[in-house]
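Residue numbers (the working numbering), protein chains in the order written: chain A, 1 to 352; chain B, 1001 to 1352. Written out below as structure tokens is the structure these notes cover.
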């Protein structure tokens, strides 16, 4: 299996995030995650690593607002220069706003700190000097995987080609105009939108957390079916979106589906939801699918409350593969670093 | 002058707030502010201290959503009990959410942390065990001042009666359903709404920061004219609201006015804006006014960038007093503690 990976992620290494209660903790979405995945995949006989191509900004600006991408681009320079407005920030090692956009028609102000509070939605999408470049490299991995599955000659005897984008930072919490939950550019959305120029695409998000950014980006569209299976936002991040009755709007009505599941969800319960999702995809009839593959569904993930086992992860991979569609698998979350390599390796082995 | 004050504020004493950059700093809106004001006012021969009456919840629920007030009421108990959802918050000394309500139709989730992110808008409106009771006592001070000016027999020879509510926590950043910027219950809005049952009221906000909460609460109403003179949100907190072209909506169109001013605004520039505001009030013809009196316009305030002097503050008080209307003055911000007593004393002396 082709695996698109860039070392560019290492320049995104925030010194901390802030948890509920206002306490700094080490950044959970860290480069060590990639090292664990790389070590596991390098032990296999089927992982073929490749550098991503550079697709430029156009496919990114097709799903994100230009003002938001410009903010990411200039954020670090502005943060260091922001004076006197940012006098309060005596520690400039990481960009985090302290004020967030109010409900009821917030306006984008001119100041950097104001824009930071407008474009950043939580205390986990921390921006440092290398964040934007790392996010671009990550999006290019996703686009390279999309291009790969789009250009392979189908082999009638075998399963259609799949490819894996080993993306870091992840993407599915990033909306049209905001970063959130470790995510800055929505890699899976960028890939799915790119693939949609060739026909209907389905995007299946199996990360533990609701794919709020993906929902935000495709909510009005019928040409990309988006489905997210996740922890119920009534108890879990991202809290405000991802409920079962959110099914799209306008032309996109009926083309988004959320499967919120309770804490403690085990293999059987998870697979039952997956089967419903896969049936929706089969009915939709896409020519290809994008999978937002978060491994934080795994029992014991520090940010998760599901009880999905490694056997369950293998079964999820096999059932998705049985769709027999060209598939771009995009790395999302998963924070049980010591299990992450084996988990994603097991998932991909079932998909190949 | 009657001064309504409650010691109840002391139970609201958060151990820290979080500034831009994710750094904990000592809570600037602290009980010492009141001690400085008390010391200054006790030296005068005109300050008559009185305990506030208890007005119950009805006048508060007339301007705030019940769900939000219920959240404030139960927040501390829920925060301590929140498990396992709040496992991440190893330090439970103060309530601060890490995720804020997303744009585009956020829903109120069931979990405590989700509701905290929905009802709390920044990292300065920190909730501790005594916050709700302190906020109720503060609102009762404002209501007592309102009641006092409403029930005094007018004296033809003298200026109409004014009263001062020495409120802490302050209120003008608290909106219908959110706390923000050290504010939980919008004391001035509660008082103005209470007074509006007796006829048209004007609310003049002279705090350095835009009175976003007051704007939010009265934006659709014509029976309370709201005017805020403040630092331009294009460079200053609350960033997303308080621009000059926000003038009300629906029945309230034309009954809200913002005067955003640049950094460095001095006495002359401030008084020019004030004169325009006072003219709007005279044209409106209210029977009474409420003044949100923040002293952070003072040159040297740690959270302000205006250059208003103590003479300027006296002049502001005199010009407002020249309206010759019953006036309830409500304490808002002001963080240059060592100057705060003299500043508010000077302002009130000019008003009496």
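Glycine included, C-beta positions come from ideal geometry on N, C-alpha and C. Quick caveat: nothing in here was measured; it's all calculated off a predicted structure.
{"Query": "Is the separation between the beta-carbon of residue 1228/B and that of residue 1214/B shorter than 8 Å?", "Result": "yes"}
{"Query": "Count the other CB atoms within 10 Å of the CB of residue 3/A; is the residue buried (16 or more) or exposed (fewer)?", "Result": "buried"}
{"Query": "Are the stretch 310 to 318 of chain A and the stretch 1123 to 1131 of chain B in contact at 8 Å, needing three or more beta carbon pairs?", "Result": "no"}
{"Query": "Which residues share a DSSP beta bridge with residue 203/A?", "Result": "226/A and 290/A"}
{"Query": "Spatial neighbours of residue 1167/B within its chain, please: CB distance less than 7 Å, with the 5 preceding and 5 following residues excluded, ordered by chain position.", "Result": "1138, 1141, 1142, 1187, 1330 and 1331"}
{"Query": "Provide the residue span of the beta strand (DSSP E) that contains residue 328/A, from first to last.", "Result": "327 to 331"}
{"Query": "Whose CA, out of 1246/B, 1252/B, 1256/B and 1220/B, lies closest to the CA of residue 1226/B?", "Result": "1256/B"}
{"Query": "Relative to the C-alpha of residue 224/A, which residue among 251/A, 238/A, 206/A and 243/A is closest?", "Result": "251/A"}
{"Query": "Does any CB atom of chain B fall closer than 8 Å to the CB of residue 99/A?", "Result": "yes"}
{"Query": "Taking residue 96/A and residue 18/A to be in contact with their CB atoms under 8 Å, please state how far apart those CB atoms are, rounded to whole angstroms.", "Result": "6 Å"}
{"Query": "Would you grab the beta carbon distance between residue 14/A and residue 1099/B for me? Rounded to a whole angstrom, and I think it's under 8 Å.", "Result": "The Cβ separation is near 16 Å, so there is no contact."}
{"Query": "Should the stretch 281 to 291 of chain A be called in touch with the stretch 198 to 213 of chain A, which here means at least 3 C-beta pairs below 8 Å?", "Result": "yes"}
{"Query": "Would DSSP call residue 113/A helix, strand or coil?", "Result": "helix"}
{"Query": "Can you give the beta carbon distance from residue 1248/B to residue 1219/B, rounded, assuming they're within the 8 Å contact cut?", "Result": "6 Å"}
{"Query": "So, does the CB of residue 1018/B fall closer than 8 Å to a CB anywhere in chain A?", "Result": "yes"}
{"Query": "So, helix, strand or coil for residue 49/A, using DSSP?", "Result": "strand"}
{"Query": "Rounded to whole angstroms, what is the Cα-Cα separation between residue 322/A and residue 340/A?", "Result": "24 Å"}
{"Query": "Candidates 314/A, 261/A, 174/A and 145/A: which alpha carbon is nearest residue 124/A's?", "Result": "174/A"}
{"Query": "Quick one: does residue 964/B have its CB under 8 Å from some CB of chain A?", "Result": "No answer is possible for residue 964/B: it lies beyond the span of chain B, which begins at 1001 and ends at 1352."}
{"Query": "Can you give me the start and stop residues for the beta strand (DSSP E) that residue 259/A sits inside?", "Result": "256 to 261"}
{"Query": "Given a cut-off of 8 Å, decide if residue 1040/B and residue 1001/B are closer than it, judged by their beta-carbon atoms.", "Result": "no"}
{"Query": "Starting from the C-beta of residue 347/A, find all residues in its chain whose C-beta is less than 8 Å away, skip the five residues before and the five after it, and write them out in chain order.", "Result": "293, 295, 313, 314, 316, 317 and 329"}
{"Query": "In chain B, which residues lie with their C-beta within 9 Å of the C-beta of residue 94/A?", "Result": "1021 and 1022"}
{"Query": "Check residue 121/A in the structure and name its three-state DSSP category.", "Result": "coil"}
{"Query": "If you follow the alpha helix (DSSP H) that residue 1074/B is in, where does it begin and where does it stop?", "Result": "1066 to 1081"}
{"Query": "What residues in its chain sit with their C-beta under 7 Å from that of residue 353/A, if we drop five residues either side in the sequence?", "Result": "Because residue 353/A is not part of the residues shown, which for chain A are 1 to 352, the question remains open."}
{"Query": "For a quick check, are the C-beta atoms of residue 1240/B and residue 109/A less than 8 Å apart?", "Result": "yes"}
{"Query": "Which whole-angstrom value describes the C-beta separation of residue 351/A and residue 162/A, a residue pair presumed to lie in contact below a C-beta threshold of 8 Å?", "Result": "5 Å"}
{"Query": "Starting from residue 17/A, follow its DSSP beta bridges and name the residues at the other end.", "Result": "25/A"}
{"Query": "Anyone know if the C-beta pair for residue 343/A and residue 333/A falls short of 8 Å?", "Result": "no"}
{"Query": "Any C-beta of chain A sitting closer than 8 Å to the C-beta of residue 1235/B?", "Result": "yes"}
{"Query": "I'd like to check one pair, residue 1009/B with residue 1170/B: are the Cβ atoms closer than 8 Å?", "Result": "no"}
{"Query": "Could you compute how far the alpha carbon of residue 235/A sits from the alpha carbon of residue 243/A?", "Result": "11 Å"}
{"Query": "I want to verify the contact list: residues of chain A whose CB lies under 9 Å from the CB of residue 1212/B, in sequence order.", "Result": "102"}
{"Query": "My assumption, with CB atoms under 8 Å, is that residue 1021/B sits in contact with residue 94/A. Please give the rounded CB distance.", "Result": "7 Å"}
{"Query": "Out of 60/A, 149/A and 184/A, point me to the one whose CA is closest to residue 121/A's CA.", "Result": "184/A"}
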